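Colleague: I am attaching a structure below and will ask some questions about it afterwards.
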Amino acid sequence: MVTTSTPADAYRSGALIAGVVTIVAILSVGLLLVAGPLEQSSSTTGDNVSEPAVEYPVPEPGDEWFEAEAADGSWISYINPRDEYRSPYLGDGSGKICVTLLNEAGDPILGESVPNTTVTVPTGESLEWHTGADPMTVQYPLTDHYERPLDADQFGTTDELPQGDGYLDSHCIEIHGMPDDGGTVEYGEATVTGEHAEDIELVGYIQQDGQSWDTDVDPIADAVSYEEAGGGWVYEPAHSHGQAVVVFQLTGDASNASEGTTDDGSGSDDSSGGADDDSSDGSGGDSTDGTDDDSSSDSGDDSSDGTDDDSSADESPANETADDGGDGSERNSTETADDSAQADDGLAGFDTIVTIVALGAIVVASRLWTRRSGDAG
15 MVTTSTPADA YRSGALIAGV VTIVAILSVG LLLVAGPLEQ SSSTTGDNVS EPAVEYPVPE
75 PGDEWFEAEA ADGSWISYIN PRDEYRSPYL GDGSGKICVT LLNEAGDPIL GESVPNTTVT
135 VPTGESLEWH TGADPMTVQY PLTDHYERPL DADQFGTTDE LPQGDGYLDS HCIEIHGMPD
195 DGGTVEYGEA TVTGEHAEDI ELVGYIQQDG QSWDTDVDPI ADAVSYEEAG GGWVYEPAHS
255 HGQAVVVFQL TGDASNASEG TTDDGSGSDD SSGGADDDSS DGSGGDSTDG TDDDSSSDSG
315 DDSSDGTDDD SSADESPANE TADDGGDGSE RNSTETADDS AQADDGLAGF DTIVTIVALG
375 AIVVASRLWT RRSGDAG
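Count along the sequence shown from 1, add 14, and you get the number used in the numbering used here.
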């Protein structure tokens with residue numbers, strides 16, 4: 015018996031195919047809409063912190079806070095209002111003691127989520143002449159107490175700079191005029207006091223002495239105990255510079271989290287209620303974000319081997335420029351990359367599902383069309 019296709023049968027076949035195509039389109043759009051929020055969620059996992067990272071770009075040549083850069087590209091330095099020269103000036107010994115506060119993701123912050131909290135770093139008698147030492151105190155939030163909240167780029171690297179990753183990450187005091195043959199710098203174990211002391215934990219210490227500061231270090235992975243760091247250094251004629259950074263991190267329990275800080279690093283208004291240690295920094299206003307230059311005949315004392323050049327005939331601090339310059343800050347690029355990769359993987363999974371559904375629908379539609387055609391024949 016031969017079955018004859020009627021106009022009604024053709025209409026039903028067309029309607030069936032149109033229905034399958036419509037279902038495929040709806041499923042595809044729905045899956046893509048679901049993928050969007052999932053992608054966003056996976057890529058923002060690292061933002062679940064008590065305080066967002068601060069991004070203060072380092073000063074560039076010509077900026078108010080830029081100081082100097084070595085002609086051979088071995089160091090770069092920025093003006094620090096907490097830089098002071100010893101009087102009397104006893105030699106070419108120079109250095110820095112810094113404090114870095116990180117959020118839970120390991121990014122530098124200003125401490126807006128931990129107000130009324132103070133970090134104290136004891137210093138020895140050899141630094142009692144420095145107005146920011148004996149002891150060194152750092153009050154949070156930094157923007158309420160200091161003209162220049164962050165002054166140093168201690169961590170990270172970039173091809174565009176000899177030192178640092180291009181963002182300020184530390185709050186430091188700088189010293190110049192120490193005896194360069196046997197002079198000592200000492201610091202004690204840091205403590206945290208105040209309203210949010212329990213929300214901040216000590217990660218450790220990073221000390222480098224007798225060389226230019228190497229910024230290719232991680233503030234968390236490379237931090238060690240106080241005993242291992244050394245607690246200070248002794249100057250030698252060929253090694254007249256030293257630096258130490260005390261690293262702290264939020265525990266994840268900090269309250270009053272701020273909206274985040276991503277300004278241009280021009281500093282902030284001094285709070286009349288805060289103890290602004292920048293207003294009494296003595297003669298050191300011209301020093302740098304890096305380390306000091308112990309050679310008046312040279313633009314910097316750090317050669318490419320990372321050691322100080324102390325061959326100066328003139329030890330006057332007025333002729334001294336920054337030597338061991340830069341400091342750097344790492345932005346957890348690995349974590350960000352991991353988050354992005356996870357987001358891409360999630361979206362790729364949805365793409366696969368959409369493709370399978372679409373192919374399945376096409377197969378079903380093809381079979382139905384073939385069957386109808388066979389019936390019609």
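Backbone N, C-alpha and C define an ideal beta-carbon position, used for all residues, glycine too. Treat the numbers as computed from the prediction; the structure is a model and nothing was measured.
Rounding to the nearest angstrom, what Cα-Cα distance links W143 and T172 in this structure?
Modeller: 36 Å
Colleague: Should L47 go down as buried or exposed, given a rule of 16 or more other Cβ atoms within 10 Å for buried?
Modeller: With a pLDDT of 46 at L47, under the threshold of 50, the predicted position of this residue should be treated as unreliable, though the coordinate-derived value follows. Exposed.
Colleague: Nearest to Q257 by CA position, among T198, I234, T265, is which residue?
Modeller: T198
Colleague: In the DSSP assignment, find the alpha helix (DSSP H) that holds E241 and state where it starts and stops.
Modeller: 240-243
Colleague: Between the Cα of G224 and those of E209, G109, D213, spot the shortest distance and give me the residue it belongs to.
Modeller: G109
Colleague: May I ask which residues mark the beginning and end of the beta strand (DSSP E) holding D267?
Modeller: No beta strand (DSSP E) contains D267, which DSSP labels as neither H nor E.
Colleague: Quick check on the DSSP output: the beta strand (DSSP E) that includes S108 runs from which residue to which?
Modeller: 107-116
Colleague: In this structure, what does DSSP give as the bridge partners for P71?
Modeller: Y181
Colleague: From D86, S140, I93, Y219, pick the residue whose C-alpha is nearest to that of L115; which is it?
Modeller: Y219
Colleague: Give the DSSP-derived three-state secondary structure of S140 in the structure shown.
Modeller: helix
Colleague: Is it the case that the Cβ atoms of D167 and G105 are separated by a distance below 9 Å?
Modeller: no
Colleague: Could you tell me the alpha carbon to alpha carbon distance between I187 and E81, rounded to whole angstroms?
Modeller: 16 Å
Colleague: May I ask you to report which of helix, strand or coil DSSP gives L124?
Modeller: coil
Colleague: Count the other CB atoms, across all protein chains shown, that sit within 10 Å of the CB of G120; report buried if there are 16 or more and exposed otherwise.
Modeller: buried
Colleague: Does the beta-carbon of S140 have 16 or more other beta-carbons within 10 angstroms, so that it is buried, or is it exposed?
Modeller: buried
Colleague: Excluding the 5 residues preceding and the 5 following T205 in the sequence, name in chain order all residues of the same chain whose CB lies nearer than 6 Å to its CB.
Modeller: T134
Colleague: Compute the beta-carbon to beta-carbon distance between Q263 and V217, rounded to the nearest angstrom, for a pair I have assumed lies under 8 Å.
Modeller: Confirmed, Cβ separation roughly 5 Å.
Colleague: Hey, P136 and E78: beta-carbon distance below 9 Å or not?
Modeller: no
Colleague: Taking DSSP's pairing of strands, which residues face T205 in a bridge?
Modeller: T134
Colleague: Count the other CB atoms within 10 Å of the CB of T157; is the residue buried (16 or more) or exposed (fewer)?
Modeller: Its Cβ being crowded by 16 or more others within 10 Å, T157 is buried.
Colleague: Rounded to whole angstroms, what is the Cα-Cα separation between G76 and T145?
Modeller: Taking the straight line joining both Cα atoms gives about 28 Å.
Colleague: Quick check: the Cα distance between R345 and L182, rounded to an integer number of angstroms?
Modeller: Interpretation of R345 is limited by its pLDDT of 41, a score under 50 that renders its predicted location unreliable; the figure taken from the coordinates is listed afterwards. Their Cα atoms are separated by approximately 11 Å.
Colleague: Does the beta-carbon of E215 have 16 or more other beta-carbons within 10 angstroms, so that it is buried, or is it exposed?
Modeller: Around the beta carbon of E215, fewer than 16 other beta carbons lie within 10 angstroms, which makes this residue exposed.
Colleague: For W247, list the residues DSSP reports as bridge partners.
Modeller: V199
Colleague: Look up A211 in the DSSP assignment and say whether it is helix, strand or coil.
Modeller: helix
Colleague: Looking at the secondary structure, which residues open and close the beta strand (DSSP E) in which P152 lies?
Modeller: Here residue 152 is Val; the residue named in the question, Pro, does not match the sequence. It spans 150-154 - the beta strand (DSSP E) in which V152 sits, taken as one unbroken run.
Colleague: Name the residue from S184, A237, T265 whose alpha carbon lies nearest to the alpha carbon of P3.
Modeller: The structure shown has nothing for residue 3, since the chain only spans 15 to 391.
Colleague: Between the Cα of S88 and the Cα atoms of L175, E242, P251, G246, which residue gives the shortest distance?
Modeller: L175
Colleague: Between which two residues does the beta strand (DSSP E) carrying D97 extend?
Modeller: 97-99
Colleague: Is D223 helix, strand or coil by DSSP?
Modeller: strand
Colleague: Hey, would you say P155 sits closer than 9 Å to V128, going by beta carbons?
Modeller: yes
Colleague: Where D107 and I234 are concerned, what is the direct C-alpha to C-alpha distance, given to the nearest angstrom?
Modeller: The sequence as given places Gly at residue 107; Asp does not occur at that position. Roughly 28 Å between the two C-alpha positions.
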